[in-house]
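Contents: one structure, followed by commentary.
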Amino acid sequence: MDLRNQAIVETFFEKEKPNIVIDAAARVGGILANYDYPGTFLMENMQIHNNLMDASLRHGI
């Protein structure tokens, strides 16, 4: 599941109705990838965490 996609995350929460959310998701790369694309990794990881937090709040988790 692509946690960067808010619609997919929302559909998952509606269908599965989780009781808790443990957020350990992230996009990671090696040393060179992190050095070459720090903004990309930061933005995608923020998308993941924001989508999970938003869906959790809206679903009362």
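Under this note's numbering, the residue at position 52 of the sequence shown is numbered 53, and the numbers go up by one with no gaps.
Virtual Cβ for every residue (Gly too), placed ideally from N, Cα, C.
Residue interval of the alpha helix (DSSP H) (run including residue i)
| i | result |
| --- | --- |
| A56 | 39 to 59 |
| K16 | 7 to 17 |
Where residue i sits in the DSSP three-state scheme
| i | result |
| --- | --- |
| A26 | coil |
| N35 | helix |
Distance between residue j and residue i (C-alpha atoms, nearest Å)
| i | j | result |
| --- | --- | --- |
| N52 | Q7 | 6 Å |
| F42 | N35 | 7 Å |
Own chain residues within Cβ distance below 8 Å of residue i, not counting five before or after
| i | result |
| --- | --- |
| Y38 | G30 |
| L4 | V10, A26, Q48, I49, N52, L53 |
Cutoff 7 Å; reference residue i; Cβ partners in own chain excluding five residues on either side
| i | result |
| --- | --- |
| N46 | A27, R28 |
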